[in-house]
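As C-alpha cells, the structure follows; a few thoughts come after it.
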Amino acid sequence: MSERPKPSVAAQDIDQLMIGIDVQMGGLAHCIINPGWQLAFTAGRKTAIHYVVRGYGTMRIAGFPPIDLTPHSMVIVPSMLPVRVEISRPAPSNTKRFDVSALEQGKVDEIVAGSGGPELVLICGYFETLYGQSIDIFSTLIAPFAEQFDPEDRIDQSLAAVLDETASERVGRAAMIGSLLKQIILAVLRRSFEEPKLWTQRFPIMSDPQIARAFAAMIADPCENHTTNTLARVAGLSRSAFMSRFSEVLGVSPLAALRELRMRRAANLLEAKMMTVEQVANAVGYVNRSSFSRAFRAIYGVDPTDYRAGSRPADDTWIMEEESSDADSR
Numbered sequence: 009m010s011e012r013p014k015p016s017v018a019a020q021d022i023d024q025l026m027i028g029i030d031v032q033m034g035g036l037a038h039c040i041i042n043p044g045w046q047l048a049f050t051a052g053r054k055t056a057i058h059y060v061v062r063g064y065g066t067m068r069i070a071g072f073p074p075i076d077l078t079p080h081s082m083v084i085v086p087s088m089l090p091v092r093v094e095i096s097r098p099a100p101s102n103t104k105r106f107d108v109s110a111l112e113q114g115k116v117d118e119i120v121a122g123s124g125g126p127e128l129v130l131i132c133g134y135f136e137t138l139y140g141q142s143i144d145i146f147s148t149l150i151a152p153f154a155e156q157f158d159p160e161d162r163i164d165q166s167l168a169a170v171l172d173e174t175a176s177e178r179v180g181r182a183a184m185i186g187s188l189l190k191q192i193i194l195a196v197l198r199r200s201f202e203e204p205k206l207w208t209q210r211f212p213i214m215s216d217p218q219i220a221r222a223f224a225a226m227i228a229d230p231c232e233n234h235t236t237n238t239l240a241r242v243a244g245l246s247r248s249a250f251m252s253r254f255s256e257v258l259g260v261s262p263l264a265a266l267r268e269l270r271m272r273r274a275a276n277l278l279e280a281k282m283m284t285v286e287q288v289a290n291a292v293g294y295v296n297r298s299s300f301s302r303a304f305r306a307i308y309g310v311d312p313t314d315y316r317a318g319s320r321p322a323d324d325t326w327i328m329e330e331e332s333s334d335a336d337s338r
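Just so you know, this note's numbering puts the end of the sequence shown at 338, numbered straight through with nothing missing.
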C-alpha cells in the first residue's frame, strides 16, 4: 500500500510565517570572475546568496553536484560550506581566494578574479532570516539549492538597489535595505512553497503543519496569553508531543521562541520611542518591569532603558535563558 501524502501547511499559516520574517544582511560583495579563473569563498557562519547578473560559469561545493550558473540564476548555500565559482575549468594557480569573515556589514566589497573577459558577474552576500534573535529557518538547510528567475522578476534590480542603499548615507538606509532584502528572500520562499515536495527538503517547519500552525499563531500575536498547553491545543497535539516536535523543528522550546518574538516586538516599540519602558512591558504581556527587563537583557544584552536611548551591544549574539515555568513571569 502506498504511503499517504503528508498534509500541507495551510495557506494562511504560510502567509503568517512569511510576514513574520526579519531579514538581516551581513556583508555584500560585487564579484567578477574572468575566463580561466575561479573565486574561492571560505565557509561563512551565515547562509549565503549568490545571484548571477550576467555571464555563465559553474559553482562547486564539496559533497554536492556542480551547479550551472546562468544569467538570473540564484544559489542559496547553507552556512559553513566553502564555495568555488569558476569559468572554463581554471588551473589551480588561477585562484582568487576570499575570506568571507572580512566582509563588513553595511559595506560592499569588490572582488575580481583575473582579467580579460567576458566575465561572470555575481552579487554575493550572507544573511539571516530571523524570528526574534536566533530562530532562522534557513539555518536548518543541509544542502544548497538553485532557482532560475526571469528578468521580469527584477531580482537584479532589487539587489542593485540594495547595493546603492548600502553605499549611501541616506536617512532610513537600514530600513530600506531590510525591506529590499525581504522582497528577495520572499521570492525564494514563494518558489519553494509553490512546490510542496520542496518544503520538506528545504524547510523542516513545512514538514510539520501542526507545528507551523502553532508557530504562526505565536507570530500573529506574540503578546497573547500563550502557554505550552494553549499552543499544544492550537497544534492539535498532546503537550509532550508538541514540545518535542516544536524543539525538533525550530531548535528551541515553545516558550523560548515566544519570548524571542515578544522581545522583538518590545525592541521595535522601544526604538520608536513613543512609549515608556513600563508601557512597552505591558504591551508585550508583562505587568512586572523587572521581569520584562530581565527577559529583554537576556536576549539583547542591554537594559530596555538603554536600548530605548540608542545603546546597542557590540556583540548581538545572545543566548536566551530557559525558564522552567509554563509562562513568563508577569
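Where is the CB? At the ideal position from N, CA and C, for every residue including glycine.
Contact between the region 59-74 and the region 126-134 is present: three or more C-beta pairs spanning the two stretches fall below 8 Å.
When secondary structure is reduced to three states using DSSP, Y64 falls in the coil class, being assigned neither helix nor strand.
Taking C-beta atoms as the reference points, I57 and I84 count as a pair closer than 7 Å. A straight-line Cα-Cα distance of about 16 Å links G133 and D30. Proximity to R272 across Y315, S261 and A240 peaks at Y315, based on C-alpha coordinates.
A distance of 7 Å or more separates the beta carbons of Q218 and E136. Minimum Cα-Cα distance from Q46 among the listed residues S101, A99 and E94 corresponds to E94. Of L138, L194 and I131, the smallest CA-CA separation from V170 is found for I131. Counting the other Cβ atoms within 10 Å of the Cβ of E268 gives 16 or more, which makes it buried. Separation of the CB atoms of F254 and S261 is rounded to 7 Å, and the pair is thereby assigned contact status at 8 Å. Look at Y134 here: in three-state DSSP terms it is strand.
In the DSSP assignment, E177 falls outside any alpha helix (DSSP H) and carries neither an H nor an E.
In this structure, DSSP gives L171 a helical state, which the three-state scheme calls helix. In the structure shown, F211 adopts coil according to DSSP, grouped into three states. Around the beta-carbon of E160, fewer than 16 other beta-carbon atoms lie within 10 Å, marking it exposed. Per DSSP, G35 is one residue of the beta strand (DSSP E) stretching across D30 to I41. Straight-line measurement puts the Cα of L36 at about 6 Å from the Cα of D117.
Non-local beta-carbon contacts of P212 in its own chain, meaning distances under 6 Å to residues more than five positions away in sequence, involve T148 and V257 in chain order. A check of alpha carbon separations from L89 across E112, T55 and Q113 identifies T55 as the nearest. In this structure, the CA atom of F106 is about 15 Å from the CA atom of P100. S166 sits close to I192, with the two beta carbons spaced by under 7 Å. Under the DSSP assignment, A249 falls in the alpha helix (DSSP H) whose first and last residues are R247 to L258.
The DSSP-derived three-state label of S16 is coil. Taking F49 as reference, the option from L278, P312, Q24 and I119 with the minimal CA-CA separation is I119.
DSSP places S200 in the helix class (H, G or I) of the three-state scheme.
In the structure shown, A51 falls within a coil segment according to DSSP collapsed to helix, strand and coil.
In the three-state DSSP reduction, Y315 falls in the helix class (H, G or I). Excluding five sequence positions before and after V242, the CB atoms of its chain that fall closer than 7 Å to its own CB belong to R221, A222 and A225, given in chain order. I163 and K281 have their alpha carbons spaced roughly 34 Å apart.
Annotation for F223: no beta strand (DSSP E) segment contains it, though the alpha helix (DSSP H) segment containing it runs P217 to A228. Distance from the Cα of T78 is smallest, within the candidate group F157, I307 and Y308, for F157.
Taken through DSSP and simplified to helix, strand or coil, Q141 comes out as coil. Rounded to the nearest whole angstrom, the C-alpha separation of N296 and Y59 is 48 Å. The beta-carbon separation of F72 and A154, rounded to 11 Å, does not stay under the 8 Å limit for a contact. In the structure shown, K190 adopts helical secondary structure according to DSSP, grouped into three states.
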